[in-house]
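Residue numbers (UniProt numbering): 1 to 546. Positions of the beta carbon are idealized from the N, C-alpha and C atoms, including for glycine. This structure is a prediction, so every number in the text was calculated from the model and none was measured. These notes are about the structure you will find just below.
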Amino acid sequence: MTAPRSSAIDTERSQAVVRLVITSLATLYTAAVQLMGRMPEELAVPILVYNSLFLVVSFVLLMAIVRRPGNYPARRLFSMVHDYAGIGFSMGVGGAAMLPAYGLLLWVTVGNGLRFGSRYLAVSTLLALAALGVITLFNSYWQEQPYVVLTLVVTTIIVPAYVNILLGQTRRATEAESAANLAKSRFLAQASHDLRQPIHSISLFTACLRDADLGHEERQLVDSIDKSLHSVSQLFRSILDMYSLDGGKVVPRAQPVALGELLEDLVQQNAEAARWAGVRIRLRVPRGLHVLSDPHLLATMVQNILSNALKYAPGKPLLIGCRRRGGRFVIQVHDQGRGIPPQHLENVFDEFYRVRQVRDKDIEGVGLGLAIVKRLAELMGLEIRIASRLGRGTSVSIGGLIASEAPRHAPLPARRAPLRMLDGLRVILIEDDGNVLRATATLLEKWGCIVEARPSLPPGDVQCDLVITDFDLDTELSGADCIDQVRARSGWKVPAVVITGHEVRRVQESVADPDIPILSKPIHPAELRSVLMALKLGMPEQAAAS
């Protein structure tokens, strides 16, 4: 059995349902023909009995598809033989009165090709021709009508052949469109990566400026720069997320997720953006609630919904809540903005679709946020709903979350005072971009770290408490390789952080160490500092005290 797409499963299920309906109609047709005297009773009765058995087997097939969905070639082949045997029996026994059943034979042949592809179309055509041969061999009526039989045979060959040509053209057109979309996504992702480097360094330099002794006017300027950088960062992350989805690289990894902690982290990460928008965010989540989900993908979904609410409902309160619905949990984000006109609601999840009205003010973004939410929901088997009333606000919900037991964690180390908590932390910083290297080193030194900044792995012995490295270095070694070598030279598992402008999940697979945080450029300084503080809390005492 091979893993199918859900569309293929739905197609096979719908085919099984249609089989039951068509067989019932064919049975009624046979009974009507017999009652009108167009078919002798001794011919109609065997057909009716066979159709009854056919219905039973067809129902069993439907139950098998419902209970065990998937791409089972043997089951599909049995279904095809089952169909052609039923049609062949009716035509072979009924003769001229059952000639309309040939329409079903041709429909089944073409339908298998359209549902399952050219290979199944070829097998169906061979089975259809075999059925016509058996019908002719055992029925004198068909033997006396050679030209009719020849017409049926030619039609059975020509129609599927033409359908196969159309399928090939459609497949090539689809592949070309997919290739073009993937090339577009790759270009945007590469452009996003290249632009992330300067944006990342600007963000770090801005954080250094914020810590300097600035006047009120200068602080307002720095605040404006930070706000603009935040908007650009959100745009880049949306482009990279869409590229990952288009490339089929996103695979959900479900695990118990503390929903309250995840949402609290998102609220904290958006605190600055909420302040800029004049929005007060309230959070209402049951304490201790854990759900089974992919934390990274779920956070991306909620983040995109939050970003939309902050952009389109400035100055209004925002509520994030969680409630039980039908045995599962739903995350709801309510804003009190201007609302969405009804004619736009069905399109808001389309890529690059933006709700624009006459005299609207310019709002940053390209219309990918909710499209990503929709794609991720389909990938994770969740349900997205949106409701809106003009002048009252908009509510977006993520439903279908399954409750989970809380994982067992080791006790957390005792927390030390956060003030100057990073003082004396020895950090090796590896970054091949000079501007980013200087900006990051300056910021770390302002936090009290002792920094050895290098464009590549330093030679010789390495003495450090922490490694911060870019993933893609302009050397033969990647960031993951640098971490491995530092650990080998130091003789202990040195904590590390990887910063990347590429897809986080791909980098996680390359690093292959769940204890190494992967941060996406452009990173917010507060996020970096939070990660460093968490890592220091978990360090051995001799390293943490250095």
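Residue i - DSSP class collapsed to helix/strand/coil
i, result
"residue 618", "Not covered by the structure: residue 618. The range shown for the chain is 1 to 546."
"residue 274", "helix"
"residue 347", "coil"
"residue 395", "strand"
"residue 293", "strand"
"residue 92", "helix"
"residue 519", "strand"
"residue 187", "helix"
"residue 214", "coil"
"residue 19", "helix"
"residue 525", "helix"
"residue 502", "coil"
"residue 255", "strand"
"residue 486", "helix"
"residue 223", "helix"
"residue 179", "helix"
"residue 283", "strand"
"residue 38", "coil"
"residue 470", "strand"
"residue 400", "strand"
"residue 378", "helix"
"residue 412", "Reliability of the predicted coordinates at residue 412 is poor, the pLDDT of 41 falling under 50, and no value is obtained from them."
"residue 456", "coil"
Distance, residue j Cα to residue i Cα
i, j, result
"residue 416", "residue 205", "For residue 416, the pLDDT reaches just 41, beneath the cut-off of 50, and the residue's location in the model is therefore unreliable, although a value from the coordinates is still provided. Approximately 28 Å between the Cα atoms of the pair."
"residue 476", "residue 465", "24 Å"
"residue 494", "residue 292", "31 Å"
"residue 470", "residue 113", "50 Å"
"residue 101", "residue 163", "20 Å"
"residue 371", "residue 348", "8 Å"
"residue 350", "residue 305", "14 Å"
"residue 48", "residue 160", "30 Å"
"residue 182", "residue 492", "42 Å"
"residue 179", "residue 104", "37 Å"
"residue 412", "residue 120", "Model confidence at residue 412 stands at a pLDDT of 41, short of 50, so the residue's coordinates are unreliable; what they give is reported in the following sentence. Going by the C-alpha atoms only, they are around 58 Å apart."
"residue 450", "residue 251", "39 Å"
"residue 31", "residue 44", "7 Å"
"residue 175", "residue 219", "52 Å"
"residue 352", "residue 275", "27 Å"
"residue 80", "residue 170", "24 Å"
"residue 266", "residue 482", "31 Å"
"residue 527", "residue 300", "16 Å"
"residue 504", "residue 485", "22 Å"
"residue 83", "residue 64", "16 Å"
"residue 529", "residue 287", "27 Å"
"residue 150", "residue 131", "13 Å"
"residue 222", "residue 208", "10 Å"
"residue 511", "residue 383", "32 Å"
Same chain, Cβ closer than 6 Å to residue i, neighbours up to 5 away in sequence not counted
i, result
"residue 277", "310, 314"
"residue 62", "16"
"residue 362", "Confidence at residue 362 is low in this model, with a pLDDT of 45, below 50, so the placement of that residue is unreliable and no value is reported for it."
"residue 338", "none"
"residue 507", "471, 500, 518"
"residue 509", "none"
Nonlocal neighbours in the same chain, by C-beta distance under 8 Å from residue i, ignoring five residues either side
i, result
"residue 324", "330"
"residue 290", "256, 257, 258, 259, 403, 404, 405, 406, 407"
"residue 106", "128, 155, 156, 159"
"residue 66", "13"
"residue 295", "255, 257, 262"
"residue 436", "197, 200, 201, 204, 470"
"residue 211", "446"
"residue 531", "497, 517, 519"
"residue 535", "466, 495, 497, 517"
"residue 77", "123"
"residue 58", "16, 19, 20, 23, 82"
Own chain, CB closer than 7 Å to residue i, minus 5 neighbours either side, in chain order
i, result
"residue 487", "493, 494"
"residue 143", "136"
"residue 264", "283"
"residue 253", "294"
"residue 153", "129, 132"
The segment 385-403 / the segment 321-337 touching (three or more Cβ pairs under 8 Å): Yes, they touch.
Cβ contact check for the segment 377-393 and the segment 278-285: 3 or more pairs under 8 Å: In the pairwise beta carbon analysis, the segment 377-393 is classified as not touching the segment 278-285: fewer than three pairs are separated by under 8 Å.
Touching by the beta-carbon criterion (3+ pairs, under 8 Å), the segment 517-527 and the segment 451-460: Counting Cβ pairs under 8 Å, fewer than three are found: no touch.
Validate contact between the segment 422-439 and the segment 372-380 using beta carbons, cut 8 Å, 3 pairs: At 8 Å Cβ cutoff, the stretches do not touch.
Ranges of the alpha helix (DSSP H) found wholly within the segment 45-85, counting only runs of at least 4: Segments of the alpha helix (DSSP H) lying fully in the segment 45-85: there are none.
Sufficient close CB pairs (3 or more, under 8 Å) joining the segment 91-107 to the segment 130-146: Yes, they touch.
Entirely enclosed alpha helix (DSSP H) segments - the segment 293-341, minimum 4 residues: Within the segment 293-341, the alpha helix (DSSP H) runs of at least 4 residues that lie entirely inside it are, in chain order, 295-312.
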